[in-house]
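The structure appears right after this line, and notes come after that.
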Amino acid sequence: MTAMREDFREILRLVRPGARVLDVGCGEGELLELLTREKRVDGQGLEISPEGVSACLARGLAVVQGDGDRDLDHFPTRAFDYAILSKTLQQMREPRHVLSELLRIADQAVVSVPNFGHWKVRWALLSRGRMPETGALPEPWWSTPNIHLCTLRDFTTLCEELDLRIDACAALEGGRPARPIDPAKPIENWRAETALFLLSRRTEAAPEGMPQNLFGEVELPTPEGLAPRPRRKKARA
Amino acid sequence: MTAQAQIGGSFETGGGTWRFPANQPLHLDSGGRIAPLEIAYKTYGQLNETRSNAVLVCHALTGDQHLASTHPVTGKPGWWSRVVGPGLPLDPERYFIVCTNVVGGCMGTTGPASTNPETGDPYGLAFPVITIADMVRAQAMLIEALGIETLFAVVGGSMGGMQVLQWAADYPERLFSAVCIAAAPRHSAQNIAFHEVGRQAIMADPNWVGGAYLKAGVRPEKGLAVARMAAHITYLSEPALQRKFGRELQRDGLSWGFDADFQVESYLRHQGASFVDRFDANSYLYITRALDYFDLAGQAGGSLAEAFRKARGVKFCVLSFSSDWLYPTAESRDIVRALNAAGCRASFVEIESDKGHDAFFLDEPQLDATLRGFLAAQASARGLA
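Printed below as a string of structure tokens:
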């Protein structure tokens, strides 16, 4: 529950006021509503479940019913400043394609993925020889929606291959405040339970005035309305 | 100009026939004009002081202005009584809801059954061919005449949804929001083909008399009924037909003849027969033609996104039904894609239903919930109480 809040808090911190934002797998629209209220973003959601779409509409959000795997090609190139994909890349049929699509549609992508290299995962596999069930990966192998799990290093390698630049990276663990990390450090591939990335195309110059590390130590005041909220409904089953 | 208002239920209904003087003609896409123009319309609820709560509902091919009040010919409730009423998604206690009979129609708005001022006879085939854009232009004239600068919403399903898209293309500055249900940005070859079957059935009826049947004192009822029967099949899904009728017989055993043995035959015959009581055959020809000519991208140089280029300020909601094979979901997705490409903010929902195209008239709780949610959110953005 609190993990999601930290996730949102970090995204809220990253996004420029007034930006155009696409939230892929927006669920019931909690994040988009938060971004609209706190950052006055021009938001658009993409959500697969009819219940999620109805909830978004009732919140006054623009939402398109669709599937991140299939329907990203409906959006024009560079239509958004940010495309957000929260903890669902590993559930996509073609994560590599989805990642390139996010950075075709938007100038920057905010992507979070559970790290399969986390020590708890490695330990579960090594000690018990069973598929790990951890806080970030709670489901047994036969019911998990996660079909394309990767480690932190796998993800940074894919970013290299796709010529994407990692503008910022933070580790998220069990609801604790986000910890800025250097994803290239081998130790982080053991320590980070979930990693949140801010990505852009390497061919683009770094946006002007962008701080070196967006996850700097500056503690922002908690925005109102960031009180613990109900767990976000899974974007895709 | 006649207008009567009475209290119906707990909300005010009004309307009548707006007669534009001959010097205010309706200019048509074909280059022609209609003058004088009369528009029959109904209203539900009251226009607020700031004139900001008006909703225009656009009807489908065989619909009319009797949206939520008893139909004067059939005595049945209005065609969208399920959605329009106190406590319903389109609440006349909150909105001023206007519904007009389209130009070319036969429920009071000028159409092929109206008197041609040049001859004193019914227009018949002398009536000019009209388009969806012509229908919308006529609606815009009425909305202006009613003193409404900006519509809070324009809402419609099927052909009504096409009018909604046309409104967004032609009068975006006069719209706050738009709801397009079970529609398409253009008529497909299959759509045109089905309409052609209907038109040929009408024109093959000897009582059509080259379109001059009213003067001859007859009506091409058989042809019109067949047209309706063919079209009605396209409004239903195969599973819905199967569930409703299957191979059920009208009575025990087969007749070994050509009576309506199967319930589905009897149902279609009834649909055809009751339709001719309330609809004019020439109107059917003209309105189906307008639909066939509809191609929003074609009007905008081949790009659908271009058609919506000026509609960035309008909030869109596009809805489709999963089992609609007349205007399938892919068509609605094309609309949404074009809206996105044009920089418009659009919402899209595909409603799971096995009822086919006609689902938007029927009990579909998700349709109601979506309409209610979208309109309520837009109303609060518009500052409507």
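If you read the sequences in order, they're chains A and B. My numbering numbers the first residue of the first sequence as 1 and each following residue consecutively. My numbering numbers the first residue of the second sequence as 1001 and each following residue consecutively. For each residue, glycine too, the CB sits at the ideal point set by N, CA and C.
In this structure, Val24 (chain A) sits away from Leu57 (chain A), with a CB-CB distance that is not shorter than 8 Å. In this structure Leu1067 (chain B) touches Gly1078 (chain B) by the C-beta definition: roughly 5 Å separates them, less than 8 Å. Between Ile1132 (chain B) and Phe1360 (chain B), the CB-CB gap reaches or exceeds 8 Å.
Any Cβ of chain B closer than 8 Å to the Cβ of Gly68 (chain A) would place that residue at the interface, and such an atom is absent.
With 16 or more neighbouring CB atoms inside 10 Å of its own CB, Leu149 (chain A) falls in the buried class. For a Cβ distance threshold of 8 Å, residue set Cys1317, Ser1347, Val1349, Thr1370, Gly1373, Phe1374 and Ala1377 of chain B lies close to Leu57 (chain A), ordered along the chain. Using a CB distance cut-off of 8 Å, Ser86 (chain A) does not count as an interface residue toward chain B. Following the DSSP letters along the chain, one finds Val1102 (chain B) in no beta strand (DSSP E), marked with neither H nor E. The closest CA to that of Ala1311 (chain B), considering only B:Glu1238, B:Phe1176 and B:Gln1366, is found on B:Phe1176.
Among the residues of the segment 1323 to 1340 of chain B, those with a Cβ less than 8 Å away from any Cβ of chain A are Arg1333, Val1336, Arg1337 and Asn1340, in the order of the chain. With a 10 Å radius around the Cβ and a threshold of 16 neighbouring Cβ atoms, Ile1202 (chain B) comes out buried. Put simply, the CB of Val110 (chain A) is far from chain B, with every gap to its CB atoms at 8 Å or more. Contact with chain A is found for Ser1380 (chain B), since one of that chain's Cβ atoms lies less than 8 Å from the residue's Cβ. DSSP places Phe1361 (chain B) in the helix class (H, G or I) of the three-state scheme. By the criterion of at least three beta-carbon pairs nearer than 8 Å, the segment 1097 to 1111 of chain B is in contact with the segment 1046 to 1062 of chain B.
The Cβ atoms of Gly1104 (chain B) and Ser1283 (chain B) lie closer than 8 Å to each other. With its beta carbon less than 8 Å from one in chain B, Ser54 (chain A) belongs to the interface. Chain A has no Cβ within less than 8 Å of the Cβ of Glu1012 (chain B). Setting aside the 5 residues that flank it on each side, Leu1249 (chain B) is surrounded in the same chain by Asp1261, Phe1262 and Gln1263, each with a C-beta closer than 8 Å to its C-beta; the list follows chain order. When DSSP reads this structure, Trp1018 (chain B) sits in a beta bridge with B:Ile1039. In the DSSP assignment, Gly1198 (chain B) falls outside any beta strand (DSSP E) and lies within the alpha helix (DSSP H) extending over Ala1189 to Ala1204. If you draw a straight line from the Cα of Val1314 (chain B) to the Cα of Arg1345 (chain B), it comes to about 8 Å. In the three-state reduction of the DSSP assignment, Ile1130 (chain B) falls in the coil class, being assigned neither a helical nor a strand state. Secondary-structure assignment with DSSP links Cys1180 (chain B) through a beta bridge to B:Gly1156 and B:Val1318. Residue pairing by DSSP puts Gly45 (chain A) in a beta bridge opposite A:Asp23 and A:Val63. For Glu1265 (chain B), the closest of B:Leu1291, B:Phe1279, B:Arg1289 and B:Ala1230 by C-alpha to C-alpha distance is B:Ala1230. DSSP places Thr1115 (chain B) within a strand segment (E or B) once states are collapsed to three.
The segment 1348 to 1360 of chain B makes contact with the segment 1230 to 1245 of chain B: 3 or more CB pairs, one atom from each, lie closer than 8 Å.
Non-local C-beta neighbours of Gln1271 (chain B) in its own chain, meaning closer than 7 Å and more than five positions away in sequence, comprise Arg1228, Met1229 and His1232, ordered along the chain. Rounded to whole angstroms, the gap between the alpha carbons of Glu94 (chain A) and Thr194 (chain A) is 20 Å.
Chain A places no beta carbon closer than 8 Å to that of Glu1364 (chain B), leaving this residue out of the contacts. Interface criterion met: the Cβ of Ala62 (chain A) is under 8 Å from a Cβ in chain B. In terms of CA proximity to Leu85 (chain A), A:Val111 leads the group A:Ala62, A:Glu101 and A:Val111. From the beta-carbon of Ala195 (chain A), no residue of chain B is found nearer than 8 Å; the closest lies around 30 Å away.
In the structure shown, Tyr1327 (chain B) falls within a coil segment according to DSSP collapsed to helix, strand and coil. Leaving aside the five residues that flank Val53 (chain A) on each side, the residues in its chain whose CB is nearer than 6 Å to its CB run, in chain order, Glu47, Val63 and Gln65.
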